[in-house]
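Heads up: the structure comes next, in structure tokens.
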Amino acid sequence: MFIENEISFEAISNLFGNADNEGRDYLFEYEVYNLLANSGAETPPAANLLPRGARFSDEELTSIPGEKAVLKIVSPTIVHKTEVGGVRIVKKEPSKIRSAVRGMMYEVPENFAAYIERDPDHAPEEYKGLHGESLIKAISRDLKGVLQVQFMPPDSDSFGNELIVGLRRTREFGTIISAGLGGTDTELYAERFRKGQAIVAASVQMVDGQSFFQLFKNTISYKKLAGLTRGQRRIVTDEQLIECFDSFIEMGKYFSPSNPKAEFVIDELEINPFAFTEYLMVPLDGLCRFSRPDKMPLARPVKKIHNLLHPKKIGIIGVSSTRRNFGRIILDNVLAEGYAKEDVVVIREGCEEVDGVLCVPSLDALDYQLDLFVVAIAAQYVPDLVDKVIELDCAKSVMLIPGGMGETEDSKERAEQVITSINEKHAEEDGGPVFIGANCMGVVSRPGGYDTWFIPDEKLPKDRNAPYQRAALISQSGAFMVFRSSQCPELNPAYMVSMGNQTDLTLGDMVHYFKDSEEVDVIAVYAEGFNDLDGLEFCTAVRQAVMNGKEVVFYKAGRTPEGKTATSGHTASLAGDYMVCESCVRQAGAIVARTFQEFQDLFMLAEKLSGKTICGDRLAAVSGAGFEAVGMADSIQSDDYDIELARFSEESVKTINEILEAKKLKSLVTIQNPLDLTPGSNDMIHASMAEILAKDSAVDSIVIGLDPLSPSMHTLAEPTIPAFSMEDENSLGNLLIQIVKKSDKPVLAVVDGGRLYDPLRDKLLENGIPVFPVCDRAVAAIALYSKARMRAEVIRLAHGCD
Numbered sequence: 074m075f076i077e078n079e080i081s082f083e084a085i086s087n088l089f090g091n092a093d094n095e096g097r098d099y100l101f102e103y104e105v106y107n108l109l110a111n112s113g114a115e116t117p118p119a120a121n122l123l124p125r126g127a128r129f130s131d132e133e134l135t136s137i138p139g140e141k142a143v144l145k146i147v148s149p150t151i152v153h154k155t156e157v158g159g160v161r162i163v164k165k166e167p168s169k170i171r172s173a174v175r176g177m178m179y180e181v182p183e184n185f186a187a188y189i190e191r192d193p194d195h196a197p198e199e200y201k202g203l204h205g206e207s208l209i210k211a212i213s214r215d216l217k218g219v220l221q222v223q224f225m226p227p228d229s230d231s232f233g234n235e236l237i238v239g240l241r242r243t244r245e246f247g248t249i250i251s252a253g254l255g256g257t258d259t260e261l262y263a264e265r266f267r268k269g270q271a272i273v274a275a276s277v278q279m280v281d282g283q284s285f286f287q288l289f290k291n292t293i294s295y296k297k298l299a300g301l302t303r304g305q306r307r308i309v310t311d312e313q314l315i316e317c318f319d320s321f322i323e324m325g326k327y328f329s330p331s332n333p334k335a336e337f338v339i340d341e342l343e344i345n346p347f348a349f350t351e352y353l354m355v356p357l358d359g360l361c362r363f364s365r366p367d368k369m370p371l372a373r374p375v376k377k378i379h380n381l382l383h384p385k386k387i388g389i390i391g392v393s394s395t396r397r398n399f400g401r402i403i404l405d406n407v408l409a410e411g412y413a414k415e416d417v418v419v420i421r422e423g424c425e426e427v428d429g430v431l432c433v434p435s436l437d438a439l440d441y442q443l444d445l446f447v448v449a450i451a452a453q454y455v456p457d458l459v460d461k462v463i464e465l466d467c468a469k470s471v472m473l474i475p476g477g478m479g480e481t482e483d484s485k486e487r488a489e490q491v492i493t494s495i496n497e498k499h500a501e502e503d504g505g506p507v508f509i510g511a512n513c514m515g516v517v518s519r520p521g522g523y524d525t526w527f528i529p530d531e532k533l534p535k536d537r538n539a540p541y542q543r544a545a546l547i548s549q550s551g552a553f554m555v556f557r558s559s560q561c562p563e564l565n566p567a568y569m570v571s572m573g574n575q576t577d578l579t580l581g582d583m584v585h586y587f588k589d590s591e592e593v594d595v596i597a598v599y600a601e602g603f604n605d606l607d608g609l610e611f612c613t614a615v616r617q618a619v620m621n622g623k624e625v626v627f628y629k630a631g632r633t634p635e636g637k638t639a640t641s642g643h644t645a646s647l648a649g650d651y652m653v654c655e656s657c658v659r660q661a662g663a664i665v666a667r668t669f670q671e672f673q674d675l676f677m678l679a680e681k682l683s684g685k686t687i688c689g690d691r692l693a694a695v696s697g698a699g700f701e702a703v704g705m706a707d708s709i710q711s712d713d714y715d716i717e718l719a720r721f722s723e724e725s726v727k728t729i730n731e732i733l734e735a736k737k738l739k740s741l742v743t744i745q746n747p748l749d750l751t752p753g754s755n756d757m758i759h760a761s762m763a764e765i766l767a768k769d770s771a772v773d774s775i776v777i778g779l780d781p782l783s784p785s786m787h788t789l790a791e792p793t794i795p796a797f798s799m800e801d802e803n804s805l806g807n808l809l810i811q812i813v814k815k816s817d818k819p820v821l822a823v824v825d826g827g828r829l830y831d832p833l834r835d836k837l838l839e840n841g842i843p844v845f846p847v848c849d850r851a852v853a854a855i856a857l858y859s860k861a862r863m864r865a866e867v868i869r870l871a872h873g874c875d
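Taking this note's numbering as reference, the numbering of the sequence shown is continuous, increasing by one, and the terminal residue is 875.
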């Protein structure tokens, strides 16, 4: 572990302070080397700034060690120096150095101007709209001089022997650290290599040097630097890399938007590349941008989410007495869930009651404080109503169903005023009400006994008496949540919460609440974006939920290819926004889904298997269909996951062999994994294989195909031929249910057939067995789920959790 006092935060702060006093929000390269010298990391090369227009003696020009000198142009706007002739290596002779410096001062502006003319989109803001001589003169004016740097020849100049390490401040996740393949082709590597091979990234709050090093070990960069490829020798030690990462992480934590003690925040710090000379890490180029810290966002009174989800008194505004508008449908659903009419009040003038529910003319007429106030009026009236709720303090929580809070240009200013009012109330001792929405689909709280979705039962029938799962679904998109509920009624979580546009309560707030909930073991989240620093708060809550023994399933919408928006080749840009989000959330301990389908599958596994034990990733695959057995074998690896086929124990092989011999199938079945039982195998044989493998210590999980169309299997509900009945006590469904109840291992079923077999699927699901329509989905899901469960266990052990 890196020792914090090895970093001189004071000296680094002084570097930022001096630059700030000169009106700069960046450091020059030689100042970046000074920063590194104060960071406790590797000693940077000797450097000497040759300011523009200054004269130097021969002794000054030859004072740096070595036979050669590296000359680099110094400019706040030129990032890629090499491409514009801004880097030269010359003999360390006064005449050679002077000649090169003079040439660079003229040629670099011309080259950079030509580059900008060819690709105007990559022009720095300072040069937008300039052309020809005006552009060249502007670039020339910004040149500060030339940096003379000690030449330190690398041990190897072959592909992959340079390292890029950087910090970046992100709006959502605070400061992140990235590392990977360095050099002039960094951007190409990030674009062409598969995910996690060229660049890795993580929140500095979620990792230390050791854990980030474990991420980095999966990259091509590490394999090259550690001499793990043919013809390559190790050129850096693991300890050096860990020390470097630790140093960057500690600087990232200190100069962070979430550190109230920091005078400055590092917006971007990058070394590209580190080269390696005789087991020394040598920075060959560096940049740093910084800023003053912003005001920290106010915390919401998250404890009032309990009032939101378990209200004793509900008020609704926007209920029509004559038609089924949104408000009326919400009232219908609240009552249909079984919520007592006497605990509901409708805010409506000119009515005494609606469907037996008391009406009052206004909020002023209430003589008690509501736990939950549901707002279902037209969007243009919402801001004034919010002001009224805050003024009267008449509700502990407010649900804003309509939009209209800053979603149009006309409403932005008014919305900002409302948000300011909400935050000012949060700053008071009680904190005022919490708001969910705006643009919120509503909430279904089975433990709270209410449903405020504005979808009528005719469109989305609900079995309100069905037992619910110990799970919460939090979705930024109400439609996503409703569609999942319609497609996958078997999920049936205890809570379904539509967040809307996060005017007040955020995704992070909601996970913070559920991390301690006694009603929930699984938290599933669909996210489209985070408020400022709420990505980091979300990850903190996920980490705490995982340490509390809960499982978190996550999907992030709005993904773009990593590196696509990169304009500078900086580590930060190459670690694209989705990559950063995915990495941070995964490091926090969540199970990250790549597609909607995968989200549903992983959510189902988490609900069904949270009580099962995951000891490893050794899979046993069983089927009576040849294609299915092959398909399962073909599905054990991808860019995002891998799972291995278990080697059955000798005892399992012996027992399987005896069963096959007794059933006269030995000549037809090869005992291997996947185990292809042929269509002639009946329910008992399939069940016997599952039971044997469930007891095998060499097997961690099982995927079994139920071969529903086989004439040997009992897989139909109410068949005309009794031999096909799934209700037979010896049907595979019934046998498998008994096996799963006795086993602590995950067992997944595959029912690859049409709607005729839905009753079988439903029966298995009702008895806690995850069911998939195709085998490759089952294998992918258990692979991703198993890996995530094992990562979560590592997190718990690292933090001393049981």
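Glycine included, each C-beta is placed from N, C-alpha and C at the ideal position.
Beta-bridge annotation (DSSP): R241 is paired with I249, E341. In the three-state reduction of the DSSP assignment, M757 falls in the helix class.
Considering only D605, T579, A851, the residue with the shortest C-alpha distance to I709 is A851. Residue state for F101 is assigned as coil, using DSSP reduced to three classes.
By the C-beta criterion, the region 718-726 is judged not to be in contact with the region 754-761, since fewer than 3 inter-stretch pairs fall below 8 Å.
Taking a cut-off of 8 Å for Cβ pairs, the region 538-546 and the region 425-433 do not touch, as fewer than three such pairs fall below it. For C432, the enclosing beta strand (DSSP E) begins and ends at 430-433.
DSSP, read as helix, strand or coil, puts K629 in strand.
For Q670, there is no enclosing beta strand (DSSP E); the enclosing alpha helix (DSSP H) covers residues 669-682.
Cβ-Cβ distances below 8 Å link A468 to G388, Q442, L443, D444, L445, F446, V462, P506 in the same chain, with the five nearest sequence neighbours on each side left out; the list follows chain order. Under the Cβ criterion (8 Å, minimum of three pairs), the region 781-800 counts as touching the region 830-849. In the DSSP assignment, C361 falls within the unbroken beta strand (DSSP E) covering 359-364.
With a cutoff of 8 Å on beta-carbon distance, I170 and Q223 are scored as not near each other.
Selection P117, F318, E624 evaluated against V593 yields E624 as nearest (Cα-Cα).
With fewer than 16 other Cβ atoms inside 10 Å of its own Cβ, D466 counts as exposed. Listed in chain order, the alpha helix (DSSP H) runs fully inside the region 564-615 are 580-587, counting runs of at least 4 residues. Residue state for V181 is assigned as helix, using DSSP reduced to three classes. DSSP places R519 outside both helix and strand once states are collapsed to three, so it counts as coil. For the region 391-439, the continuous beta strand (DSSP E) assignments of 3+ residues that do not extend past its boundaries occur at 417-420, 430-433, in sequence order.
Rounded to the nearest whole angstrom, the C-alpha separation of S816 and A763 is 10 Å. Judged by DSSP secondary structure, N234 falls outside any alpha helix (DSSP H); it is assigned neither H nor E.
Taking the C-beta atoms as reference points, N345 is found nearer than 8 Å to G255. Sorting A618, R667, N621 by C-alpha distance to the C-alpha of Y628 places R667 at the top.
Contact between E245 and F603 is confirmed by a C-beta separation of about 4 Å, below the 8 Å threshold.
Taking 8 Å as the cut-off, the Cβ atoms of I687 and D769 do not count as close. In its chain, beyond the 5 residues on either side, Y106, L109, P117, I344, F347 have a beta carbon closer than 7 Å to the beta carbon of P356. Excluding five sequence positions before and after E336, the CB atoms of its chain that fall closer than 6 Å to its own CB belong to S86, given in chain order. In the structure shown, Q811 adopts helical secondary structure according to DSSP, grouped into three states. Within the region 511-559, no run of alpha helix (DSSP H) at least 4 residues long lies entirely inside it. Counting along the chain, no beta strand (DSSP E) covers R720, and no H or E run does either. In this structure D589 does not touch N538 by the C-beta definition: roughly 28 Å separates them, more than the 8 Å allowed. Residue environment for H195: exposed (fewer than 16 other C-beta atoms within 10 angstroms of its C-beta).
Between I868 and P819, the CB-CB gap reaches or exceeds 8 Å.
According to the DSSP assignment, A274 belongs to the beta strand (DSSP E) that extends over 272-276. By the CB criterion at 8 Å, V147 and L208 fall outside the cutoff.
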